[in-house]
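See below for the structure under consideration.
There are 2 protein chains.
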Amino acid sequence: MSEQTFLVLTALADQPMHGYGIVSAAEELSGGRVRLRVGTLYGALDRLTADGLVEPDRDEVHQGRLRRYYRITDAGLSELVAEGSRREATARVALDRVRARRPRPDPGGSTA
Amino acid sequence: MSEQTFLVLTALADQPMHGYGIVSAAEELSGGRVRLRVGTLYGALDRLTADGLVEPDRDEVHQGRLRRYYRITDAGLSELVAEGSRREATARVALDRVRARRPRPDPGGSTA
DNA sequence: ACAGCACGTATCGGTCTGCGATATATATCG
DNA sequence: CGATATATATCGCAGACCGATACGTGCTGT
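Taken in order, these protein sequences are the chains called U and Y.
First residue of the first sequence: 919, per the working numbering; consecutive thereafter.
First residue of the second sequence: 919, per the working numbering; consecutive thereafter.
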């Protein structure tokens, strides 16, 4: 699962949201780092829906504009926890491995 | 950066390794979850090299078989730490968001 | 002796995914 | 009345992963 897809699922973990709201939430959740493109969003939403991790919630009209809400499913919640745990573990292993590096012997050169 | 590429970089963080060794290390680092395919490995290695995150180290002959070693660069190390931190943060945000969910009201049905 | 398997490097094509561009429509602001 | 923000949706390109494939050597079992 890509980070983009992961963020979509994360956004929906709190409450049902509509497309544009998901884009905003993903940006906020990633600390402004990830700006979801609509092309990416709808592709991800389609795939998540096909996999049963997300489902359409309701349509609302807000200030004359249609808002289509999506909702995370129980399966989606489980998958989010599983994927989140995997990601946390992998990140930790990587950071630990870097920290465990002994200062490398200076290959020499200008410093000598 | 995909998890596969991330694992390649993580594997090399400890010491220079050759292709097959990276595959084994990635499998171990991911707790047996990710089995890197050679097609993936060489693609990733090419990209990482092009980006200056990894570089060829040396060629060795071990029991008549060629071993081509790769080494992580300083830039690769920095990138690994940055990516690892991002991943840790994103994972934490996701898991926190799930935990913050209040038990949803039972939508009703057979239980009623 | 020889077959089969593990090790080891490398390439190719298919497929999935992300993204930029584009299209459509309405409300608001200047 | 035009520009901008909100909002949904599709299309085609490019990048990345992976399965298949190819090639070669050493070790092991029969």
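The beta-carbon is built from N, C-alpha and C at its ideal position, and this holds for glycine as well.
Please read these numbers as outputs of a predicted model, since none were measured by experiment.
Next item on the list: Using only the heavy atoms of the ligand GTP, determine whether one of them is closer than 7 Å to the beta carbon of residue 1003 (chain U).
Entry: Within the structure as shown, the ligand GTP is missing, as the structure has no ligands at all.
Next item on the list: Can you grab the Cα-Cα spacing for the pair residue 1002 (chain Y) / residue 982 (chain U), in whole Å?
Entry: Each residue's Cα considered, the two are about 43 Å apart.
Checklist line | residue 968 (chain Y) to residue 960 (chain Y) span [Cα, whole Å] | finding: For the pair residue 968 (chain Y) and residue 960 (chain Y), the Cα-to-Cα distance works out to about 12 Å.
Checklist line | Per DSSP, cross-strand counterpart(s) of residue 974 (chain U) | finding: Beta-bridge pairing links residue 974 (chain U) to U:988.
Check: Which residue's Cα is closest to the Cα of residue 987 (chain Y): Y:920, Y:925, Y:934 and Y:928?
Finding: Out of Y:920, Y:925, Y:934 and Y:928, Y:934 has the C-alpha closest to the C-alpha of residue 987 (chain Y).
Next item on the list: List the residues of chain U that residue 947 (chain Y) touches, going by C-beta distances under 7 Å, in chain order.
Entry: For residue 947 (chain Y), the chain U residues whose C-beta falls within less than 7 Å of its own C-beta are 1011, listed in chain order.
Note to self: Can you pull out the residues from the region 979-1006 of chain U whose beta carbon lies closer than 9 Å to at least one beta carbon of chain Y?
What the structure shows: For the region 979-1006 of chain U, which is checked against every Cβ of chain Y, the residues closer than 9 Å are 995, 998, 999, 1001, 1002, 1003, 1004, 1005 and 1006.
Checklist line | Within chain U, the residues that residue 931 (chain Y) reaches when beta carbons sit closer than 8 Å | finding: The answer, in chain order, is 1012, 1015, 1016 and 1019.
Margin query: Considering just the uninterrupted stretch of the alpha helix (DSSP H) at residue 964 (chain Y), what are its terminal residues?
Written below: Counting along the chain, the alpha helix (DSSP H) containing residue 964 (chain Y) begins and ends at 956-968.
Notebook entry, point to check: Hey, quick one: how far does the alpha helix (DSSP H) through residue 873 (chain Y) stretch, first residue to last?
Noted result: Since the displayed chain Y opens at 919 and closes at 1030, residue 873 (chain Y) lies outside it and no answer follows.
Next item on the list: Look up residue 952 (chain U) in the DSSP assignment and say whether it is helix, strand or coil.
Entry: Residue state for residue 952 (chain U) is assigned as coil, using DSSP reduced to three classes.
Check: Relative to the alpha-carbon of residue 979 (chain U), which residue among U:954, U:936, U:966 and U:950 has its alpha-carbon at the smallest distance?
Finding: Looking at the Cα atoms, U:936 is the closest of the given residues.
Next item on the list: Under 8 Å between beta-carbons, which chain Y residues line up against residue 973 (chain U)? List them in chain order, please.
Entry: Near residue 973 (chain U) there are no residues of chain Y at all, since even the closest Cβ is about 13 Å away, more than 8 Å.
Margin query: For residue 1014 (chain U) and residue 977 (chain U), what's the separation of their Cα atoms in angstroms?
Written below: The alpha-carbon separation between residue 1014 (chain U) and residue 977 (chain U) amounts to approximately 46 Å.
Check: Shortest alpha-carbon distance to residue 975 (chain U) belongs to which of U:990, U:984 and U:962?
Finding: Minimum Cα distance to residue 975 (chain U) is reached at U:990.
Margin query: Any C-beta of chain U within less than 9 Å: which residues of the region 957-972 of chain Y qualify?
Written below: Contact annotation: in the region 957-972 of chain Y, no residue has its CB less than 9 Å from a CB in chain U.
Notebook entry, point to check: Hey, is residue 923 (chain Y)'s beta-carbon within less than 8 Å of any beta-carbon in chain U?
Noted result: Not closer than 8 Å to any Cβ of chain U, the Cβ of residue 923 (chain Y) fails to qualify, so no.
Note to self: Pull the bridge partners of residue 983 (chain U) from the DSSP assignment, please.
What the structure shows: Its beta-bridge partners are U:980.
Next item on the list: Using three-state DSSP, classify residue 942 (chain Y) as helix, strand or coil.
Entry: Helix.
Check: Using CA coordinates, which residue listed in Y:1010, Y:972, Y:1021 and Y:949 is at the minimum distance from residue 992 (chain U)?
Finding: Selected option, being the one with the closest Cα: Y:1021.
Checklist line | Alpha carbon of residue 954 (chain Y) to alpha carbon of residue 945 (chain Y), nearest angstrom | finding: Taking the straight line from one Cα to the other gives about 7 Å.
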